[in-house]
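Number of protein chains: 2
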Amino acid sequence: MRLDINRNETLPVYMQIANRIKEQILSGILPAGFVLPPERKMADDHAVSRTTVIRAYEELKALGLVASHRGKGTVVTERKVPESHGNDQKVFPLSWYPLFDKKIANVSDTVSELMHAGNHNDVISLAAGIGDPNLYPISTLQQIQRESPLESDQLNLSPVEGLYSLRESISRLMTGRNLSVSAKEVMILAGSMQGIDFAARALLSPGDAVIVEEPTFLQAIQCFRAAGAKIIGIPIDREGIRLDVLEAQLARYKPKFIYTIPAYHNPTGVVMSIERRKGLLDLAYRYQVPILEDDPYGDISFAQERLPPLKALDPYGYVIYLSTFSKVLFPGLRIGWTIAPEPVMRKFALLKQIADLHVNTPGQFLVDQFLRKGYYEAHLRRTSLDYQKKRDVMAKALTQAKGLIHFEIPDGGFYLWCRIPYQISQKELLALCSDQGVIYTPGNVFYPQESDGEHWLRLNFTYESMDRLERGLSIFINAVKKLNKQSSQTDLETGSRPIV
Amino acid sequence: MRLDINRNETLPVYMQIANRIKEQILSGILPAGFVLPPERKMADDHAVSRTTVIRAYEELKALGLVASHRGKGTVVTERKVPESHGNDQKVFPLSWYPLFDKKIANVSDTVSELMHAGNHNDVISLAAGIGDPNLYPISTLQQIQRESPLESDQLNLSPVEGLYSLRESISRLMTGRNLSVSAKEVMILAGSMQGIDFAARALLSPGDAVIVEEPTFLQAIQCFRAAGAKIIGIPIDREGIRLDVLEAQLARYKPKFIYTIPAYHNPTGVVMSIERRKGLLDLAYRYQVPILEDDPYGDISFAQERLPPLKALDPYGYVIYLSTFSKVLFPGLRIGWTIAPEPVMRKFALLKQIADLHVNTPGQFLVDQFLRKGYYEAHLRRTSLDYQKKRDVMAKALTQAKGLIHFEIPDGGFYLWCRIPYQISQKELLALCSDQGVIYTPGNVFYPQESDGEHWLRLNFTYESMDRLERGLSIFINAVKKLNKQSSQTDLETGSRPIV
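Shown next, in the form of structure tokens:
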């Protein structure tokens, strides 16, 4: 019996012997009833110890491939197939819930509820996270489709990292964002969210700490929860993340990374100042903590000045940069990208292989053509102007309720972040608005600890057409006024009016 | 100071107090320098214990929002931003590798290597896992695009579970696979692989056992490795998974689920017999273990009879069924689906939200139109006939090397699974073939323990055109013969010729 034992292999010799015999049994070379050589003979023949042979035979027994027969030795078994018990077998229906991994049980279904709520045409959604579908450059896209109809190269697998041509186009796009990178440093993802998920999968083990701004993007919170992480929220002010609080928490929790949205932060609209960006990097360097920079809104700017992303300020390779086409172009294609240090790119490529192999090829073609033909800049200018007008309309409408609804006017992005009076119940406000066909996003979903944010809410100004936006705002503002009046009266009646 | 304490909330009262004060500090209601009420007064005012107030204040101190000043009490702090240290700060470049989660470190880069190797036009790939791009129904697809040009509904977000219309089309398609399901029981995924990943994420915690056939789909192995699972391989014979071995291992390991490819198994081409299917379900019921049924190849059948999937034989909700359009239609769209018990669908929907939100919308439209217009069946017949011819050509060519290359002829699917003589080194064979522009997949990548499968390899017969396939096979067979001759000579010279 030939066994090909290789003593340089990492696999233990007994496993090598078991595997070789297993192969020969399964390929039919050693038939059922075949008696394996006695342990001592086997040991002598192959210059191994008898213990090694015994362990190998034990392994084969555990696999059911051989059995010990007294007086006969170790024999290759018959392949027995148990009888089907048919209808008389008592089957217990499966209880799935105890089987699920506990980490995933932490994830709640907020997103899907919000998406479903916004899927009806009659509902005015101030809860959306996307741009105005009426502004999609449909005719340009149809022209691209006519000029480059589907061919088999568009239906084939792409490289895991994405089409090289699109990676090139994105590297040129990044120049306009003050970041100079080569195509090879760009990897295409199914939305920037996939980058958040990959960072969580690559870096977080259950119990690890991760730092987020508070409030922050709700799906990032869900994602970190699904990884079993401890999520530490750091408050933000008008200049972005509070570095003093951050430093205290870096020392206390030794987090795996810091997740931040420096440009037109979701949900607050805050832009992190240049000093704060530098200070954040300094802290990252001092505490050796990487930064996950999420930049979905950076291009949608109504301001003159455009600050460089953290990635552009970081010569030391601490920053993983994420962005997407879902906000400026169209969300249904699910195309985003990452620019990351090389070890991270490798991990992301491995994760991409087990997650979904690569991003849909024709979608990559379409966006690449759109970028190469120079349509992006004009489209961006057009949509930004439109969104700026809508922001102004929203800000003006809310100003009518000054003293009731507090907010700052953002210089870009998609949202106004509003504080409502303490005496108004968010639940009642949501119900009152939704009864009249208007939805918005309650503030608590943006907090790691959902009981926070009770008196805050996020209004989107990009998705609805101007007239629907105005109608929705008027309903929303009236609802706030109505509930405020009611609760003030109750307070007067019960004598417990708040002092603050 | 109003604090809104709710004693019915699950959040501890001290955290509620801390959160309310934090909100007031961050929103500017309580400015820097503001002195919080003394602990005893606070406790009395809100009918809580002094300890509760102390803990709330401690929490605020940890956040850096307040500080204790002797003689003054607890004071809201100034927002200090540390100075940037500029160029004189000594920065340590980040070591990424120690930061990565250990589970992910188990995943190797086999897939990407194989994909890259097959991306060159001049290489004849017998390593592919896809169909023949020359058979893509291009003109039909272009016609669909002309008839339904891109509109904004194709660029919008889809529901997390996929476009309802496509889910309906798939439910009709499943009728032809002997499985009757409603559209609501179908969820669209980015390839069936995403279903494997989701099952792993939903069900596996590190250290859990999972059962696979041995050999099996290599990306399933990678995926389960990334989840930190213990992968238990069960040998298969001509009727599929060995139930006797399976039963022993079910009792021994209590696995979280069984992953199986019952129809035209990858890589062996084996179809699980109906008796074996029933026996497998019996075991699943008896040991209360769910089954993940992967069915990418079921439609590509050269046989008269079509066996029902496990899902169709399971009235008790133990089976998660996965399939894909990547094999019959086009892999670049990345569209697959799952049919799963309701609790699993819910978990998958949550995972989809944090992974990539939904599958690319225009791709879903395209496939749905293709199915609705009735093109699928004709396309499937055409491609299956072509693949059957290629299988015959491959089998005939390999028969010339009878005695050297052992294989069974599969009734469907994409692959021939071959055993080569023990004395041939797989490494040398791979190198010799690749020097002459031919690649194939070595057997070891299909085994959980990669040192197995050394004398096996997988040949794909669907991807290459007929003449390239024949050329590739001729090179491959000659390489096997050459290495066999060489090693026989060496054996003769050294006198160690194998007895088997």
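In the order they appear, the protein sequences are chains P and L.
Everything in the first sequence is counted per the UniProt record's numbering, starting at 1 for the first residue and increasing by one.
Everything in the second sequence is counted per the UniProt record's numbering, starting at 1 for the first residue and increasing by one.
Just so it is clear, CB atoms sit at the ideal spot from N, CA and C, and this is done for glycine as well.
- By the criterion of a C-beta distance shorter than 6 Å, residue 448 of chain P is surrounded in its chain by 221, 231, 233, once the five residues flanking it on both sides are discounted.
- Listed along chain P are 93, 94, 96, each with a C-beta nearer than 9 Å to that of residue 317 of chain L.
- At a cut-off of 8 Å between beta carbons, residue 462 of chain P makes no contact with chain L.
- Shown here for residue 159 of chain P: same chain residues with a beta carbon closer than 8 Å to its own, the five before and five after excluded, namely 358 in chain order.
- Between residue 196 of chain L and residue 322 of chain L, the CB-CB gap stays under 8 Å.
- Relative to the Cα of residue 328 of chain L, the nearest Cα in the group L:33, L:106, L:173, L:142 belongs to L:173.
- Residue 444 of chain P is classed as buried because its beta carbon has at least 16 other beta carbons within 10 Å across all chains shown.
- Along the region 176-198 of chain L, going in chain order, the ones with a CB nearer than 7 Å to a CB of chain P are 190, 191, 193, 194, 197.
- Inter-residue distance for residue 251 of chain L and residue 267 of chain L is about 27 Å (C-alpha atoms, whole angstroms).
- In the three-state reduction of the DSSP assignment, residue 324 of chain L falls in the strand class, which pools E and B.
- Taking a cut-off of 8 Å on C-beta distances, the region 425-437 of chain L touches the region 469-485 of chain L, as three or more cross pairs fall below it.
- Leaving aside the five residues that flank residue 223 of chain P on each side, the residues in its chain whose CB is nearer than 6 Å to its CB run, in chain order, 196, 197, 200.
- Rounded to whole angstroms, the Cβ separation of residue 16 of chain L and residue 29 of chain L is 17 Å, and the two are not in contact under 8 Å.
- Straight-line measurement puts the Cα of residue 287 of chain P at about 24 Å from the Cα of residue 307 of chain P.
- Within the region 158-184 of chain L, the complete alpha helix (DSSP H) segments at least 4 residues long are 164-175, listed from N- to C-terminus.
- At a beta-carbon threshold of 7 Å, the residues of chain L lying near residue 150 of chain P are 138, 141, 142, 145, ordered along the chain.
- With a threshold of 8 Å between beta carbons, residue 467 of chain P makes no contact with chain L.
- The contact set of residue 379 of chain P on chain L, defined by CB atoms closer than 7 Å, is empty, because the minimum CB distance reaches about 13 Å.
- Annotation: residue 298 of chain L is outside any alpha helix (DSSP H) and is labelled neither H nor E by DSSP.
- For the pair residue 151 of chain L and residue 125 of chain P, the Cα-to-Cα distance works out to about 21 Å.
- Rounded to the nearest angstrom, the Cβ distance from residue 169 of chain L to residue 368 of chain L is 5 Å, consistent with a contact under 8 Å.
- When 7 Å is used as the limit between beta carbons, residue 330 of chain P is near these residues of chain L: 155, in chain order.
- The DSSP assignment places complete alpha helix (DSSP H) segments of no fewer than 4 residues inside the region 350-433 of chain P at 361-372, 375-399, in order along the chain.
- Looking only at L:453, L:285, L:141, L:263, the smallest Cα-Cα distance to residue 294 of chain L is reached by L:263.
- Only residues of its own chain outside the window of five on either side were considered, and among them 73 have a CB closer than 7 Å to the CB of residue 38 of chain P, listed in chain order.
- The residue from P:331, P:283, P:273 with its alpha-carbon nearest to that of residue 305 of chain P is P:273.
- Within the same chain, Cβ atoms closer than 7 Å to the Cβ of residue 255 of chain L are found at 209, 210, 211, 232, 289, the five residues on either side in sequence being excluded.
- Here residue 466 of chain P has 390, 393 as same chain residues with Cβ atoms under 7 Å from its own Cβ, once five neighbours each way along the sequence are excluded.
- Between the alpha carbons of residue 191 of chain P and residue 353 of chain L lies a gap of roughly 11 Å.
- Within chain L, no C-beta atom comes nearer than 7 Å to that of residue 488 of chain P; the closest sits roughly 14 Å away.
- Contiguous beta strand (DSSP E) elements confined to the region 48-79 of chain P occur at 66-69, 73-76, taking only those with 3 or more residues.
- Contact residues of the region 222-246 of chain L toward chain P are 222, 223, 226, 235, 237, 242, 243, 244, 245 (C-beta to C-beta distance below 7 Å).
- Considering only L:474, L:460, L:421, L:398, the residue with the shortest C-alpha distance to residue 453 of chain L is L:421.
- Cβ-Cβ distances below 6 Å link residue 25 of chain P to 65, 76 in the same chain, with the five nearest sequence neighbours on each side left out; the list follows chain order.
- By the C-beta density criterion, residue 374 of chain P is exposed, having fewer than 16 other C-beta atoms within 10 angstroms.
- For residue 209 of chain P, the enclosing beta strand (DSSP E) stretches over residues 209-214.
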